[in-house]
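Heads up: the sequence shown at position 169 corresponds to 169 in full-length UniProt numbering, and the numbers run straight through without jumps. Here is the structure we will look at, set down as structure tokens.
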Amino acid sequence: MGSQNPITVLIDEVNEASRFYSTSGVTPTCDETSRHSTGTPRHKLLAAAKALVSALEDPEEEAYRFVLQPCAHACYIAAKKRGILDQWPKATMSSKELAELTKTDRKLVARMMRSLTIYGICNEVEEEIYEHTPLSLKLVTPPLSASALGWATQGVEGIRCLPGYLSKTSFQNPGDDPDAQTLFQFATNTDLEYFEWLHQHPELHAAFNVRMANSMKTKGFSDTYPFGSLGEGLSSADDVVLVDVGGGYGHALANIQQYVPELKGKKMILEDFAKTIESHVPLENTDAVPYNFLTTEQPIKGARAYLLRHVLHDWSDRVCRKILLHATTAMTKESRILIAEIILPDLNPPVLGALADIVMMKYGGSGRKRREWIAIFESAGLEVVKIWPPVTIDSIMELKLKSA
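The structure is reproduced here in structure tokens:
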């Protein structure tokens, strides 16, 4: 008997995954939890469907789609800034209506929309008549809309300079050489570190903190770790339950205070650069303390926990070790450090994790696998108590002093 057609095999796999999905009892959903879980029926069906699509696509056409993707990326930024994708008064809009609404040339609108629709950003239901898709609605609806535009502009600005930068540095891994320019410095023509530069550009600095705040709009973060347990056994109202190191405007603490009633009334500390702290949102029982975690030992001694959320991925292994050592000077044997970050799997990382790693490369930072995180922690005299798996996308790695 001859070998089965590979396309037929893939169709059978999709059908099998579909049956598993249908009988799993899981309500079809694309919420945060299911989207980032790799073992769910939805993920198995999606993987099978992607394999079938890959087998059916013309490799040459797919190659062009890949190398020309920056065209659609540029059209998205231009259309978003012009308002072409926003505030539609009805379900479908023509190029003529969008042009009149935004005072843009109709032919230009049609040309940009043509590039966007091939990537699923809106559907063209009739000639030059468009409707939103789930993807385009995500890209225009707060809170993701501000974050998406920020990533598309400020987040990836300079990545186009990566080939030239790597040639200049003889293709050394960015961040390994402490004396080398970062890609950000190379692309921006500055000697300043990214956050120093950001403080000199208030509009971009505000947009950065808004993106960080928008990432905390859902409950998932506070469900990842049993934050309520941190308040157990505190002997005084002055005891600090949680220090948010590099916490921006206080978005993580606000999320915890909203969803963790056990910590109501417990003292918390928000730390960040002085210029950031000036704009923080006032929070109950929370003191705002200016602090530079790069240069100074942790000033808040003996807190129950020190949270670093989306801090370490901005920095090289060497700088991460320094940041953690500054934190350890304040710890007691009961203290914990909580690191909230993506942990890249050893195989087949999610799209966001893989591509965010390249964005972090711009600053000398990095995405990391589990063993890479642990190596950094151990170099700073810390050991892992437990790694709490993600409810949304970030795991929380709970650390204590090795001697504790």
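For every residue, glycine included, the Cβ atom is placed at its ideal position computed from N, Cα and C. Quick caveat, the model's predicted, so the values are computed rather than measured.
Using a Cβ distance threshold of 9 angstroms, residue 209 and residue 276 count as a contacting pair. Here residue 375 carries a helix assignment [DSSP, helix/strand/coil]. At a Cβ-Cβ threshold of 9 angstroms, residue 20 and residue 6 do not count as neighbours. Counting C-beta atoms within 10 angstroms of its own C-beta, residue 296 has fewer than 16 neighbours from the protein chains shown and is therefore classed as exposed. Between the region 365-377 and the region 328-347, the count of Cβ pairs shorter than 8 angstroms is three or higher; the stretches touch.
The C-beta of residue 291 has 16 or more other C-beta atoms within 10 Å across all chains shown, which makes the residue buried. Less than 9 angstroms separates the beta-carbon of residue 174 from that of residue 361.
Nearest to residue 206 by alpha-carbon distance, out of 249, 309, 224, is 249.
Secondary structure at residue 244: strand, using DSSP grouped into helix, strand and coil.
Beyond the five residues adjoining it in sequence on each side, residue 315 comes within less than 8 angstroms, by CB distance, of 175, 323, 363, 364, 365 in the same chain, given in chain order.
Under the three-pair Cβ rule at 8 angstroms, the region 57-76 counts as touching the region 111-125. The bridge partners DSSP lists for residue 388 are 396. When rounded, the separation of the alpha-carbon atoms in residue 196 and residue 326 is 20 angstroms.
Secondary structure note for residue 156: it is in no alpha helix (DSSP H), with a DSSP letter that is neither H nor E. The Cβ atoms of residue 358 and residue 159 lie closer than 9 angstroms to each other. Straight-line spacing of the CA atoms in residue 300 and residue 386 works out to 24 angstroms.
Below 8 angstroms, too few C-beta pairs join the region 86-97 and the region 52-70 to call them touching: fewer than three. Counting only unbroken stretches of 3 or more residues, the beta strand (DSSP E) elements lying wholly within the region 216-301 are 240-245, 267-272, 286-290, in sequence order. Close CB contacts of residue 339 within its chain, under the 6 angstroms cut and outside five residues either way in sequence, are with 308, 397 (chain order).
Here residue 130 is bridged, per DSSP, to 93, 124. Ranked by how close their Cα comes to the Cα of residue 328, the residues 400, 148, 170 have 400 in first place. Taking the C-beta atoms as reference points, residue 242 is found nearer than 9 angstroms to residue 263. Residue pairing of residue 340 in beta bridges, as defined by DSSP: 309, 396. Just measuring C-alpha positions, the residue of 140, 271, 189, 101 sitting nearest residue 240 is 271.
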